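Protein sequence lines, in the order shown, are assigned to chains A and B.
Letter 33 of the first sequence, counting from 1, is numbered 33 in UniProt numbering, and no numbers are missing.
Letter 26 of the second sequence, counting from 1, is numbered 26 in UniProt numbering, and no numbers are missing.
Please read the structure below before turning to the comments.
2 protein chains.
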Amino acid sequence: MIDILIQNLANHDIVSEDERSLVRSLATRERSYEIDEDLVSENSRPSYSTLLTAGFAARYKLTPDGTRQITALHVPGDFVDLHAFLLKTMDHGIIALSPCRVMQIDHTELETVTRKAPHLTRLLWLKTIIDGAIHREWIVAMGRRSKRAHLAHLLCELHMRLQAMGLTQDLSFHFPLSQGEMADVLGLSLVHMNRTIQNLRKDGLISWVNHTVTILDWDELRDIADFDPTYLSLTVEPR
Amino acid sequence: MIDILIQNLANHDIVSEDERSLVRSLATRERSYEIDEDLVSENSRPSYSTLLTAGFAARYKLTPDGTRQITALHVPGDFVDLHAFLLKTMDHGIIALSPCRVMQIDHTELETVTRKAPHLTRLLWLKTIIDGAIHREWIVAMGRRSKRAHLAHLLCELHMRLQAMGLTQDLSFHFPLSQGEMADVLGLSLVHMNRTIQNLRKDGLISWVNHTVTILDWDELRDIADFDPTYLSLTVEPR
DNA sequence: CGGTGACTTGACCTCTGTCAAGAGAAGTGG
DNA sequence: CCACTTCTCTTGACAGAGGTCAAGTCACCG
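Encoded structure:
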């Protein structure tokens with residue numbers, strides 16, 4: 001099951017046999033979470049990090065007036081709070097957007113990796129850096145793109161990330177978020193979220209029914225989104 | 001001069017004498033940049049990372065319609081493109097917002113650090129993770145805060161980051177950005193940026209003249225911003 | 001079969017962008 | 001030292017994007 005982490009890392013660089021053995025030798029605990037349950041709570045100081053093996057999760061913050069902003073979406077294979085290994089205190093919560101399976105890995109185990117396996121350490125470091133790159137892309141989308149383009153961009157990104165983990169069927173993928181949850185991702189109201197989705201639908205660019213998204217015209221959607229996948233670093237090269 | 005990096009890391013954990021020596025032994029090149037010059041260009045593959053020792057710099061992306069979004073602001077002591085060490089290809093540019101002094105450190109030197117000094121490596125890793133935490137806070141501000149609160153939040157953040165590097169005088173700090181550049185940070189138009197600044201001014205919360213920002217009422221500004229500095233990880237603890 | 005949650009749609013209003021123009025400060029060259 | 005340019009800040013008028021409120025539809029479920 002932890003092979004999903006190896007699969008994920010192998011999208012960015014060659015992972016040696018020794019490194020694979022080391023990953024497989026890490027002590028882990030398996031757990032399941034119900035929908036809407038917190039995998040990690042804000043202000044907590046977890047002693048382990050959580051690898052998502054099945055389901056969708058989100059990092060989020062609540063504002064004093066009760067609104068929510070989702071700052072990151074996570075798909076299977078993602079280390080949802082690897083950053084807590086060094087941050088120590090969680091500055092946000094992580095919630096299950098669908099039923100989730102996870103593996104928890106103690107920080108002491110990760111500390112051992114940093115002492116014994118510099119290259120593997122760099123690959124884990126890289127994953128947190130890619131999280132940052134995705135954050136930057138979201139900032140650009142929120143600040144300078146139309147809502148239509150922002151949504152298009154997000155769907156392109158999700159398709160590529162899920163494809164890298166073998167979770168797409170051609171241009172379709174399972175996507176459990178409600179429109180209200182999507183509104184918390186894009187930072188807009190539920191009503192306008194609905195209208196933005198319909199805007200892409202009416203042009204025949206996407207279909208979105210039954211928690212399944214299908215991109216009907218990839219080239220056009222990519223152009224609307226101004227989507228360039230460089231920031232996902234989905235190339236195998238020495239790191 | 002590289003002691004500015006040690007000073008920065010020491011804000012988060014104890015840096016041992018051995019680690020200080022190792023940092024001081026790194027081979028570096030010094031350089032200066034004029035205002036508006038790129039420290040690093042988008043799509044380049046730098047073989048070194050850049051430590052900012054004096055001046056202000058910004059990470060930015062351009063959109064096809066010619067607008068710009070600034071995704072991060074950097075102050076002296078920041079490693080502006082440490083992430084390029086593992087990302088390899090820059091997914092954005094970095095520009096000097098004032099005359100800048102930098103030190104360039106080859107990636108091969110950083111690679112040596114990851115092999116020889118696991119704890120120092122974790123501290124560098126932490127700096128990239130804090131960058132990510134700041135990104136998330138900006139996403140929340142863009143998505144769910146009023147522009148007034150967003151600006152208040154940014155000023156609180158800048159004051160704390162500059163204070164940690166000893167670059168504030170009480171509640172004042174030098175800040176070279178024009179209102180047009182600030183608009184590219186907050187993701188709004190120049191005209192509305194101006195009105196938002198005046199909004200905070202008229203309530204006697206800030207003064208902003210001559211490239212100097214003064215926070216006139218910290219408590220009130222913090223409340224408006226809903227500012228909680230946890231995400232900056234400015235606590236000294238084992239990492 | 002009523003209840004619940006998610007999705008839709010319309011009406012209206014506010015926030016923010018765009019366009020246009022003027023004021024003030026700073027630097028340049030004759 | 002003065003005219004001139006340039007850059008930044010400021011203000012007003014108007015338009016458009018997006019929020020809020022309200023109500024209705026539809027599927028699913030106990």
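Heads up, the beta-carbon is just placed ideally off N, CA and C, and yes, glycines get one too.
Here the structure is a predicted model, which is why all the values come from computation and not from measurement.
- Secondary structure of A:Ser-21, DSSP reduced to three states: helix
- Query: Taking contact to mean at least 3 C-beta pairs separated by less than 8 Å, is the segment 168-183 of chain B in contact with the segment 90-104 of chain B?
  - Reply: yes
- Message: Less than 7 Å between the C-beta atoms of B:Ala-129 and A:Leu-110, yes or no?
- Response: Here residue 129 of chain B turns out to be Ile, not Ala, going by the sequence shown. For B:Ile-129 and A:Leu-110, no; Cβs fall outside 7 Å.
- Task: Can you grab the Cα-Cα spacing for the pair residue 260 of chain B / B:Asp-78, in whole Å?
- Result: Since the first residue of chain B shown is 1 and the last is 239, residue 260 of chain B is not available in this structure.
- What residue range is occupied by the uninterrupted beta strand (DSSP E) comprising B:His-74? 68-74
- Item | Beta-carbon gap between residue 274 of chain A and A:Leu-216 smaller than 7 Å | The structure shown has nothing for residue 274 of chain A, since chain A only spans 1 to 239.
- Taking the runs of the alpha helix (DSSP H) that are 4 residues or longer, which of them lie wholly in the segment 33-118 of chain B? 84-87 and 107-116
- Item | Any C-beta of chain A under 7 Å from that of B:Ala-142 | It is worth fixing the name first, because residue 142 of chain B is Met in this sequence and not Ala. True, the Cβ-Cβ gap to chain A drops below 7 Å.
- Query: With distances taken from CA atoms, which of A:Arg-122, A:Ile-134 and A:Asp-3 is nearest A:Asp-13?
  - Reply: A:Arg-122
- Query: What residue ranges within the segment 149-179 of chain B form continuous beta strand (DSSP E) runs of no fewer than 3 residues, ordered along the chain?
  - Reply: 172-174
- Item | Neighbour list for B:Gln-69 in chain A, Cβ cutoff strictly below 7 Å | In chain order: Ile-139, Val-140, Gly-143 and Arg-144.
- Query: Exposed or buried, B:Leu-5, counting other C-beta atoms within 10 Å across all chains shown (16 or more means buried)?
  - Reply: buried
- Query: In its own chain, which residues sit with a C-beta less than 6 Å from the C-beta of A:Ala-58, not counting the 5 before and 5 after it?
  - Reply: The answer, listed in chain order, is Ile-70, Leu-73, Ile-95 and Leu-97.
- Task: May I ask you to list, following chain order, the residues of the segment 78-94 of chain A that have a beta carbon less than 7 Å from some beta carbon of chain B?
- Result: Listed in chain order, the positions of the segment 78-94 of chain A with a beta carbon within less than 7 Å of a beta carbon of chain B are His-83, Leu-86, Leu-87, Lys-88, Thr-89, Asp-91 and His-92.
- Message: Checking the sheet assignment: what are the DSSP bridge partners for B:Ile-215?
- Response: B:Ile-206
- Close-in-space but distant-in-sequence residues of the same chain around B:Thr-89 (CB under 6 Å, 5 per side omitted): Arg-45
- Message: Contact criterion: CB-CB distance below 7 Å. Does A:Ser-233 meet it with respect to chain B?
- Response: yes
- Task: Identify whether A:Arg-145 lies in helix, strand or coil by the three-state DSSP scheme.
- Result: coil
- Contact residues within the segment 101-129 of chain B, judged by C-beta distance below 7 Å to chain A: Going along the segment 101-129 of chain B in chain order, one finds Thr-114, Arg-115, Pro-118, Thr-121, Arg-122, Trp-125, Leu-126, Thr-128 and Ile-129 with a Cβ nearer than 7 Å to chain A.
- Message: My output table needs one value for B:Arg-29: the three-state DSSP class, helix, strand or coil.
- Response: strand
- Run the CB neighbour count on A:Thr-114, radius 10 Å, all protein chains shown included, and call it buried at 16 or more, exposed below. buried
- Task: Could you check what DSSP says for B:Arg-122 in three-state terms: helix, strand or coil?
- Result: helix
- When the Cα atoms are used, what is the spatial distance from B:Ile-24 to B:Ile-2? In the sequence as displayed, the identity of residue 24 of chain B is Arg instead of Ile. Approximately 7 Å, taken between the alpha carbons.
- 8 Å Cβ cut-off: residues of chain B touching A:Glu-237: Simply Lys-88.
- Message: For residue 250 of chain A, report the span of its alpha helix (DSSP H) as first-last.
- Response: Any property of residue 250 of chain A remains undetermined from this structure, which presents chain A solely from 1 to 239.
- Message: Can you find the residues in the same chain that come closer than 7 Å, C-beta to C-beta, to A:Cys-156, ignoring five residues on each side of it along the sequence?
- Response: Leu-221, Arg-222, Ala-225 and Phe-227
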